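Number of protein chains: 2
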Amino acid sequence: MSITQLVRPSLDGLIQCIKPLGVLDSIASVLGWDEETWMPPNGIHRRSEQSAVLAQITHERWVSDEFRRVLSPHVDLNTGVVNPDYTPIESRLVAETYRQWRKKTAIPTAFAARWATLTSEAQHCWQTARNQNDYAQFAPHLDKIVTAVREKVQYLGYSDHPYDALLDCFEPGMTTQRLTTIFDPLKQGIRQKLAQCSGGNRPYISGVFDTNKQWDLGVMILKKMGFDFNRGRQDQSAHPFTTTFGLNDVRITTRFSDTDILEGLSSTIHEGGHALYEQGLDPQWADTPLGSACSLGIHESQSRLWEVMVGRHAAFWQGIHPHMQSLFPNNVGSRDHSTLYRYVNHVSPGPIRVSADEVSYNMHILIRFELEKQMVQGSIDAMALRDLWNEYYYNELGVRVCDDRTGILQDVHWSAGLIGYFPTYALGNLYSVMLFNAAKQAIPNLETKIMALDFLPLTRWLNQTIHRYGNVYASETLIQMATGESLSASPFLNYLSDKYPIIDSPG
Amino acid sequence: MSITQLVRPSLDGLIQCIKPLGVLDSIASVLGWDEETWMPPNGIHRRSEQSAVLAQITHERWVSDEFRRVLSPHVDLNTGVVNPDYTPIESRLVAETYRQWRKKTAIPTAFAARWATLTSEAQHCWQTARNQNDYAQFAPHLDKIVTAVREKVQYLGYSDHPYDALLDCFEPGMTTQRLTTIFDPLKQGIRQKLAQCSGGNRPYISGVFDTNKQWDLGVMILKKMGFDFNRGRQDQSAHPFTTTFGLNDVRITTRFSDTDILEGLSSTIHEGGHALYEQGLDPQWADTPLGSACSLGIHESQSRLWEVMVGRHAAFWQGIHPHMQSLFPNNVGSRDHSTLYRYVNHVSPGPIRVSADEVSYNMHILIRFELEKQMVQGSIDAMALRDLWNEYYYNELGVRVCDDRTGILQDVHWSAGLIGYFPTYALGNLYSVMLFNAAKQAIPNLETKIMALDFLPLTRWLNQTIHRYGNVYASETLIQMATGESLSASPFLNYLSDKYPIIDSPG
Numbered sequence: 015m016s017i018t019q020l021v022r023p024s025l026d027g028l029i030q031c032i033k034p035l036g037v038l039d040s041i042a043s044v045l046g047w048d049e050e051t052w053m054p055p056n057g058i059h060r061r062s063e064q065s066a067v068l069a070q071i072t073h074e075r076w077v078s079d080e081f082r083r084v085l086s087p088h089v090d091l092n093t094g095v096v097n098p099d100y101t102p103i104e105s106r107l108v109a110e111t112y113r114q115w116r117k118k119t120a121i122p123t124a125f126a127a128r129w130a131t132l133t134s135e136a137q138h139c140w141q142t143a144r145n146q147n148d149y150a151q152f153a154p155h156l157d158k159i160v161t162a163v164r165e166k167v168q169y170l171g172y173s174d175h176p177y178d179a180l181l182d183c184f185e186p187g188m189t190t191q192r193l194t195t196i197f198d199p200l201k202q203g204i205r206q207k208l209a210q211c212s213g214g215n216r217p218y219i220s221g222v223f224d225t226n227k228q229w230d231l232g233v234m235i236l237k238k239m240g241f242d243f244n245r246g247r248q249d250q251s252a253h254p255f256t257t258t259f260g261l262n263d264v265r266i267t268t269r270f271s272d273t274d275i276l277e278g279l280s281s282t283i284h285e286g287g288h289a290l291y292e293q294g295l296d297p298q299w300a301d302t303p304l305g306s307a308c309s310l311g312i313h314e315s316q317s318r319l320w321e322v323m324v325g326r327h328a329a330f331w332q333g334i335h336p337h338m339q340s341l342f343p344n345n346v347g348s349r350d351h352s353t354l355y356r357y358v359n360h361v362s363p364g365p366i367r368v369s370a371d372e373v374s375y376n377m378h379i380l381i382r383f384e385l386e387k388q389m390v391q392g393s394i395d396a397m398a399l400r401d402l403w404n405e406y407y408y409n410e411l412g413v414r415v416c417d418d419r420t421g422i423l424q425d426v427h428w429s430a431g432l433i434g435y436f437p438t439y440a441l442g443n444l445y446s447v448m449l450f451n452a453a454k455q456a457i458p459n460l461e462t463k464i465m466a467l468d469f470l471p472l473t474r475w476l477n478q479t480i481h482r483y484g485n486v487y488a489s490e491t492l493i494q495m496a497t498g499e500s501l502s503a504s505p506f507l508n509y510l511s512d513k514y515p516i517i518d519s520p521g
Numbered sequence: 015m016s017i018t019q020l021v022r023p024s025l026d027g028l029i030q031c032i033k034p035l036g037v038l039d040s041i042a043s044v045l046g047w048d049e050e051t052w053m054p055p056n057g058i059h060r061r062s063e064q065s066a067v068l069a070q071i072t073h074e075r076w077v078s079d080e081f082r083r084v085l086s087p088h089v090d091l092n093t094g095v096v097n098p099d100y101t102p103i104e105s106r107l108v109a110e111t112y113r114q115w116r117k118k119t120a121i122p123t124a125f126a127a128r129w130a131t132l133t134s135e136a137q138h139c140w141q142t143a144r145n146q147n148d149y150a151q152f153a154p155h156l157d158k159i160v161t162a163v164r165e166k167v168q169y170l171g172y173s174d175h176p177y178d179a180l181l182d183c184f185e186p187g188m189t190t191q192r193l194t195t196i197f198d199p200l201k202q203g204i205r206q207k208l209a210q211c212s213g214g215n216r217p218y219i220s221g222v223f224d225t226n227k228q229w230d231l232g233v234m235i236l237k238k239m240g241f242d243f244n245r246g247r248q249d250q251s252a253h254p255f256t257t258t259f260g261l262n263d264v265r266i267t268t269r270f271s272d273t274d275i276l277e278g279l280s281s282t283i284h285e286g287g288h289a290l291y292e293q294g295l296d297p298q299w300a301d302t303p304l305g306s307a308c309s310l311g312i313h314e315s316q317s318r319l320w321e322v323m324v325g326r327h328a329a330f331w332q333g334i335h336p337h338m339q340s341l342f343p344n345n346v347g348s349r350d351h352s353t354l355y356r357y358v359n360h361v362s363p364g365p366i367r368v369s370a371d372e373v374s375y376n377m378h379i380l381i382r383f384e385l386e387k388q389m390v391q392g393s394i395d396a397m398a399l400r401d402l403w404n405e406y407y408y409n410e411l412g413v414r415v416c417d418d419r420t421g422i423l424q425d426v427h428w429s430a431g432l433i434g435y436f437p438t439y440a441l442g443n444l445y446s447v448m449l450f451n452a453a454k455q456a457i458p459n460l461e462t463k464i465m466a467l468d469f470l471p472l473t474r475w476l477n478q479t480i481h482r483y484g485n486v487y488a489s490e491t492l493i494q495m496a497t498g499e500s501l502s503a504s505p506f507l508n509y510l511s512d513k514y515p516i517i518d519s520p521g
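Protein chains in written order, with my numbering: chain G, 15 to 521; chain W, 15 to 521.
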């Protein structure tokens, strides 16, 4: 079985039918990118109209008789059993096409419309509620979303746990049961590690960091990572993201704080990691269900590998130190690289997920996982959810949540109906450690190379082991192929043990 | 008959069917805008795919049985005779919908595909040929385009002159015969005026103009013109343009020369004029055939009114002079405003249309009009066309064309198949003078206001007389309503007589 094996002519009709759908999705990405980067304030209503027309056209094509007619010779439309005559890759192409088609057609049109209205209203309310620090006005929306999610789960179907139906939207093949076997030891390990890491002072790198210099630093690192500016670009936005118009047009955004150098640097490297994945996909699968990431967990593994495994590595800070001194003499000045390293890797649990250190980060996810399971089982209402949120934060992280803004209202996901999404962040972290370990085995003196800011060997290894496969393999298969190991929490916990408490010298 | 009169319910089906087509067009505009502003170099192939898929979907909807079914109760699909029961505005809505539908359906799909390939290849070759200053390699493409245009004309149909079919694509209702009655006296008048204006030295405003300061100057003027930056934005591009995503998202681009202050200033004001039209359209007609400009000539009248009638007016230069002195002390320094005025309005025929003074500009158009008529009649091939081009330039403008780059290869239009487009530039100039004359009648002390850079009264008058009507009236009707006069060359020629030769004091 080879990645270069050509799809048989018999699948041509299906591929011809599905490729324009990929192109339509990429047009939606253009609209979304512009909305977050350059769109004038009053352009939002028109943008919603444009996105709605495009979404409707795309949906109509997915659920059309024509698509059903073209798909049906290849797979049993009721059971999903693929015609056995295909090669493994062809078979996966058909199966993944079916999986996507099944999700589109399983949701009744009336429900989809209701869902769109519901989440649009909820997101609008969430923004207000967060600004006003008033969870009570958002709670009824969340209750409605949870009710709708439980209905959605019935349409999508599941064999064991209803939460499985949601997981499958973001991390195909993942189940609640499997997650639990991974997350339970993870939780135990984090608890132990947090107990060891508590306390200690963080060296503070203060002052004002010129935004133009931060931009230049980010661009330098992106180039060294191998981000191809002929095939992509970087802009600024309120919330950093990566979006793909096509293999040769991958765009990232970043944001800067002029008092915190880490914000811009981390987000640039993080999105750069996502972008390398997108720029590294194999063109032969473009616009087919095999031509994009196999899961959000794998995607996040790429961003977190660069942001954390590389970007918080002692060797990285040793290598970047002279650049920092030269760009920001007033802030960095006489601080040595190990001080910067300790600054970046200080462990101190707080209420906010996105600014969490790497020891406590996954605990934020595990808490959300517990809450989401209860939502989907229908055993909790929105007001009780907040009590439980605050209780978990205190019990697991020792954090007293002072207000809803920095508590249950901090993330956009639930207001957007994205329940089942959070676990992919933790999986990304676990995968990223496994991949970095394998990269160290495969690339001689990787850490010395990182110290020299010579990142391309790592990028090439990721291209070969992850990027080019897109969705040709399922995520756990891919990780097994790339690392020789099965997904578990052990590599991550061993990594934490080796790294924390911080030893005050580069690794 | 009132602009606020509501369309009868009976047209609802048609409007529901046509509005998404307007939205789809506006998505194509987003793709086009990004292509010219921010797209990375290698993104072009993907962008072509996106545009092609979108164009195909839009075309399929126009020529669908569904559209025919929805349109047919309102108009005879063979003759274009509109059901007589409608109000005049309703009737025009149906007629204009029919006119657009007729153009889409008249062209056979196979021809449209051939045309797309032909013009794409020709544009590609034109760029190379222009760079290499080698017309011979482009000539065969132009011959093919001319042959195809003559075929297209047969599909579109015409009653008198085949060129009428092309004119109707850009300046609906305009005919070759009518143009000739307007352009003949225009040509005579320009010849006389050029004879008077020849000679004289141009004061030269030299030095380097900081691009950021040029940008700020442009933004200041745009704001004073009433361009709403909440409902639009400005960027830079190689060729300035205006594009509309919706009434609340109108985007313009500009370009700068750091040695020629006029390039950026003129293009900003020019595109600003286009943009005010788009921002001033009546929302009630949005995404219907009445909701956009009634012709390219009228659109150009808006840009040229601002660029030339205002932007080259003595009062404007008197008003802008202190700003210029303050922004560019090294360049402008002790020069007085009348020196700037003479610099801006110096008459000196050259080979290049886009940098022509306002006396000779229209002659560039009249030459192209003569050549295009001969193309469409099939009486000339591409190599002979160049000889004729050079001959006209010498006879009419006294310009010896030294090379093809600054001669017949200077414009993109013919390579893009845009034959019949050039006359709208001259019409825009004629309309702009008529409108400015009417504005002076309607707005007390307009020139004093211009001197104070108080442009909003003019913008409001244009909103009321032109912008809000969109395509509710045909262009010549609209001009008659706005100015009380019929289209002719006289106002333009009188304007030239009053202004040239330049009198060395503000008007």
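From the three backbone atoms N, C-alpha and C, an ideal C-beta is built for every residue, glycine too.
Quick caveat: nothing in here was measured; it's all calculated off a predicted structure.
Item	Value
Can you check whether the CB of Thr-256 (chain G) is closer than 8 Å to the CB of Glu-285 (chain G)?	yes
Can Ile-71 (chain G) and Leu-45 (chain G) be called in contact, C-beta distance under 8 Å?	no
Assign Thr-267 (chain G) to one of three DSSP states: helix, strand, or coil.	strand
Within this structure, are the beta carbons of Asn-459 (chain W) and Gly-294 (chain W) separated by less than 8 Å?	no
Can you list, in chain order, the residues of its chain whose CB lies under 7 Å from that of Ser-315 (chain G), leaving out five sequence neighbours each side?	Gly-442, Tyr-445, Ser-446, Leu-449
Should Trp-129 (chain G) be flagged as near chain W, meaning a C-beta pair shorter than 8 Å?	no
Just confirm the distance between the C-beta atoms of Gly-333 (chain W) and Met-465 (chain W), as a whole number of angstroms; I'd bet it's less than 8 Å.	5 Å
Which residues of chain W have a Cβ atom closer than 9 Å to the Cβ of Trp-115 (chain G), listed in chain order?	In chain order: nothing, as chain W lies at least about 19 Å away.
Are any of the Cβ atoms in chain G nearer than 8 Å to that of Asp-48 (chain W)?	yes
What in chain W is Cβ-close to Leu-68 (chain G), meaning under 7 Å?	Ile-41
Is the segment 269-283 of chain W touching the segment 222-233 of chain W in the sense that three or more CB pairs, one from each, lie closer than 8 Å?	yes
Near Leu-341 (chain W), which residues of its chain fall below 7 Å by C-beta distance, leaving aside the five closest residues on each side in sequence?	Lys-227, Leu-231
Note the first and the last residue of the continuous beta strand (DSSP E) segment covering Asp-249 (chain G).	246-250
Quick check: what's the CA-CA separation for Asp-401 (chain G) versus Gly-311 (chain G)?	29 Å
Name the two residues that bound the continuous alpha helix (DSSP H) containing Thr-473 (chain G).	470-479
Run down chain W in chain order and give the residues with a C-beta less than 8 Å from the C-beta of Glu-80 (chain G).	The contacting residues do not exist; Glu-80 (chain G) stays about 12 Å from chain W at best.
Using three-state DSSP, classify Gly-46 (chain W) as helix, strand or coil.	helix
Short of 8 Å in beta carbon distance, which residues of its chain neighbour Ser-504 (chain G), apart from the five on each side in sequence? Order them along the chain.	Pro-199
Can you list the residues of chain W that Leu-45 (chain G) reaches, using a CB-CB cut of under 8 Å?	Ile-41, Val-44
Closer than 6 Å by C-beta to Ile-275 (chain W): which residues in its own chain qualify, once you throw out the five before and the five after it? Chain order, please.	Phe-223
Tell me, please, whether the CB atom of His-335 (chain G) is closer than 8 Å to any CB atom in chain W?	no
Residues in the segment 349-381 of chain W with C-beta within 8 Å of chain G's C-beta atoms, listed in sequence order?	none
Give the secondary structure of Thr-142 (chain G) by DSSP, where H, G and I count as helix, E and B as strand, and everything else as coil.	helix
For Pro-297 (chain G), which residues from the same chain have a beta carbon less than 6 Å from its beta carbon, with the 5 sequence-adjacent residues on both sides left out?	Leu-261
By Cβ distance below 6 Å, which residues in the same chain neighbour Phe-152 (chain G) in space, the five residues on each side in sequence not counted?	Cys-139, Trp-140, Ala-143
In or out: Glu-499 (chain W) buried (at least 16 other Cβ within 10 Å) or exposed?	exposed
Using a Cβ-Cβ distance cut-off of 8 Å, determine whether Asn-262 (chain G) contacts chain W.	yes
Phe-255 (chain W) by DSSP, collapsed to three states: which one?	coil
Should Ala-307 (chain G) and Gly-484 (chain G) be called a contact, given that it needs their Cβ atoms to be closer than 8 Å?	yes
Taking the straight line between their C-alpha atoms, what separation do you get for Ile-196 (chain G) and Met-377 (chain G)?	13 Å
Tell me which residue opens and which closes the alpha helix (DSSP H) that Pro-336 (chain W) is part of.	328-341
Pick out whichever of G:Val-163, G:Met-53, G:Tyr-112 has its Cα sitting closest to the Cα of Ala-430 (chain G).	G:Val-163
Taking only beta carbons into account, state which residues of the segment 229-246 of chain W come closer than 9 Å to chain G, listed in chain order.	Asp-242, Phe-243, Asn-244, Arg-245, Gly-246
Give me the Cβ distance between Ala-453 (chain G) and Leu-472 (chain G), rounded to the nearest whole Å; I'm assuming they're in contact under 8 Å.	6 Å
DSSP three-state call for Val-11 (chain W): helix, strand or coil?	Within the shown structure, residues of chain W are numbered from 15 to 521, placing residue 11 (chain W) beyond reach of any answer.
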